[in-house]
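Colleague: Have a look at this one before I ask anything.
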Amino acid sequence: MRSTSSLLFRAIRALQHENPLGLPRSGTPPNWPKRPQRRKITGVDKVIAVSSAKGGVGKSTVAANLSLAFARLGFRAGILDTDIFGPSIPTLFDLSGEPRLSSNNQLVPLTNYGVKTMSMGYLVGESAPVVWRGPMVMKAIQQLLHEVDWGGLDILVLDLPPGTGDTQLTITQQVILDGSVIITTPHTLATKDAVKGINMFKTVGVNILGMVQNMSLFNCPHCHQDTNVFGSNKKVEKLCQDHEIEFLGDIPLHPNIGDDGERGKPTVVAEPSSERASAFIDIAKAICPKIDLKQHERHNH
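Mapping to the UniProt record's numbering: the sequence shown position 282 is 282, numbers consecutive.
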């Protein structure tokens, strides 16, 4: 049986369009500014956005493993799932249940593998659709960005939904981002949309830290020959050169990466000594100096 507070929490959320997450309020109702000002997320030092203009390129898997890689490097890391309609982080981190509220009525992240997480997936049933119009979605995003009690993080990874629409615009208007990472595959359809992502971040003035090529090579377990399943992997490197952004690295096409995510234990945790895990850690290491995330800021977990 659900607790009375949980049922009340859901009822408030269902009825309030100005407060879609149903967070308890005191005093006057919130007054969202018509022209939002970029501001830092309270309790978070560095914030990076992981983005892909095309769905199905493994962005959430990469984002999850990057957050775990930062934690493995000794930083206090978190990940925020900003995909309201198709959240992935609860599955990838094997977490469920409604977050509790802090003393100041903010959502308290759920933690696994040393990484703090927050997702719309914790606030609705696993199979329940979120049937909201744009304004409700944008207000939910605002609440997820600024009404979560992170408790002090060195770095927060934002897992953005695919595309270059309202959610991306809201985030870039609401938050001071230290940079963005674009995920693509070598497939032509993915690289064409990656260019849209590059142009979006340039338009809104967000620094692009670099591009990650996912599913780059498949190594046959029998003959050990590498195959470019989605076309030449040099295509993405040339794309980076043409747009003057850094190529951060390759993630191989390997069944274990998908299997690890499906069972809620991403590769950096499931196979920490593998070359696949090392690829994610190397990318995290490459990002650190770009956002001035320094070794002296590391903390023991």
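The C-beta atom is built at its ideal place from N, Cα and C for all residues, glycine as well. As the structure is a prediction and not an experimental result, all values here were calculated from the model.
1. When you compare the CB positions of E262 and T117, do they come within less than 9 Å of one another, or not?
2. Let me know if C240 comes out buried or exposed under the rule of 16 or more other beta-carbons within 10 Å of its beta-carbon.
3. Taking the continuous beta strand (DSSP E) assigned at K46, which residues delimit it?
4. List the endpoints of the continuous alpha helix (DSSP H) containing S278.
5. Return the chain-ordered list of same chain residues with a C-beta closer than 6 Å to the C-beta of A69, the five sequence neighbours on each side being excluded.
6. Terminal residues of the continuous alpha helix (DSSP H) containing K40?
7. Considering only residues of the stretch 216–270, which uninterrupted beta strand (DSSP E) runs meet the minimum length of 3 residues and lie entirely inside it, listed in chain order?
8. How would you call T189, buried or exposed, if buried means at least 16 neighbouring beta carbons within 10 angstroms?
9. Quick one: any contact between the stretch 132–146 and the stretch 53–60, if contact means 3 or more CB pairs under 8 Å?
10. Would V181 pass as a contact of L248 if the rule is Cβ separation under 9 Å?
11. For V206, which of helix, strand or coil comes out of DSSP?
12. Which class does K116 belong to by DSSP, given the choice of helix, strand or coil?
13. Going by CA-CA distance only, name the one from D193, I208 and L145 that's closest to G55.
14. Look at Q168 and M215 and say whether their C-beta atoms are less than 9 Å apart.
15. Once you ignore the five residues that flank G197 on each side, which residues in its own chain have a CB closer than 7 Å to its CB?
16. Between D154 and D45, is the Cβ-Cβ spacing less than 9 Å?
17. Can you grab the Cα-Cα spacing for the pair T42 / C223, in whole Å?
18. Can you look up I155 in the DSSP assignment and give me helix, strand or coil?
19. Mind checking whether K235 and P186 have CB atoms under 9 Å apart?
20. Which residues bound the beta strand (DSSP E) around I182?
21. Which same chain residues, not among the five before or five after K40, have their C-beta less than 8 Å away from its C-beta?
Modeller: This is what the structure gives:
1. As a working mapping, residue 262 is identified with position 262 in the sequence shown. As a working mapping, residue 117 is identified with position 117 in the sequence shown. Contact flag unset, no.
2. Numbered from its first residue, the sequence shown carries residue 240 at position 240. Counting Cβ neighbours within 10 Å, C240 comes out buried, since at least 16 surround it.
3. Here residue 46 is taken as the residue at index 46 of the sequence shown, counted from 1. From DSSP, the beta strand (DSSP E) with K46 extends over V44 to S51.
4. In the sequence shown, counting from the first residue as 1, residue 278 sits at position 278. Boundaries of the alpha helix (DSSP H) harbouring S278: E275 to I287, taken from the DSSP string.
5. The sequence position of residue 69 within the sequence shown is 69, counting from 1. Setting aside the 5 residues that flank it on each side, A69 is surrounded in the same chain by V268, F280, I281 and A284, each with a C-beta closer than 6 Å to its C-beta; the list follows chain order.
6. As a working note, residue 40 is residue 40 in the sequence shown. Here K40 belongs to no alpha helix (DSSP H), and DSSP marks it neither H nor E.
7. You should have 247–251.
8. Translated into the one-based positions of the sequence shown, residue 189 becomes position 189. It should be pointed out that residue 189 corresponds to Leu in this sequence rather than to Thr. Only exposed fits L189, as fewer than 16 other CB atoms lie within 10 angstroms of its CB.
9. Verdict: no, contact absent.
10. Position 181 of the sequence shown holds residue 181. Position 248 of the sequence shown holds residue 248. Here V181 is near L248, since their CB atoms are less than 9 Å apart.
11. As a working note, residue 206 is residue 206 in the sequence shown. Reduced to three states, the DSSP call for V206 is coil.
12. Here residue 116 is taken as the residue at index 116 of the sequence shown, counted from 1. Strand, per DSSP.
13. Within the sequence shown, residue 55 is the residue found at index 55, counting from 1. Comparing alpha carbon positions, the residue from D193, I208 and L145 closest to G55 is D193.
14. Looking up residue 168 in the sequence shown gives position 168. Looking up residue 215 in the sequence shown gives position 215. Between Q168 and M215, the C-beta gap is not smaller than 9 Å, which leaves the two residues out of contact.
15. For the purposes of this step, residue 197 is identified with residue 197 of the sequence shown, where counting begins at 1. Closer than 7 Å at Cβ, skipping near neighbours: S51, S52, A53, T164 and I182.
16. Start at 1 with the first residue of the sequence shown, and residue 154 comes out as number 154. Start at 1 with the first residue of the sequence shown, and residue 45 comes out as number 45. Yes, the pair counts as a contact, with Cβ atoms nearer than the cut-off.
17. Walking along the sequence shown from the start, residue 42 turns up at place 42. Walking along the sequence shown from the start, residue 223 turns up at place 223. Rounded to the nearest angstrom, the two C-alpha atoms are 52 Å apart.
18. Counting from one through the sequence shown, the residue named residue 155 turns up at place 155. Of the three classes helix, strand and coil, the one that applies to I155 here is strand, per DSSP.
19. Taking the first residue of the sequence shown as position 1, residue 235 is located at position 235. Taking the first residue of the sequence shown as position 1, residue 186 is located at position 186. Going by C-beta atoms, K235 is nearer than 9 Å to P186.
20. Sequence index remark: in the sequence shown, residue 182 carries index 182 (1-based). Going by DSSP, I182 is part of the beta strand (DSSP E) stretching over G179 to T184.
21. The residue you call residue 40 lines up with position 40 of the sequence shown. Only residues of its own chain outside the window of five on either side were considered, and among them V47, V175 and I176 have a CB closer than 8 Å to the CB of K40, listed in chain order.
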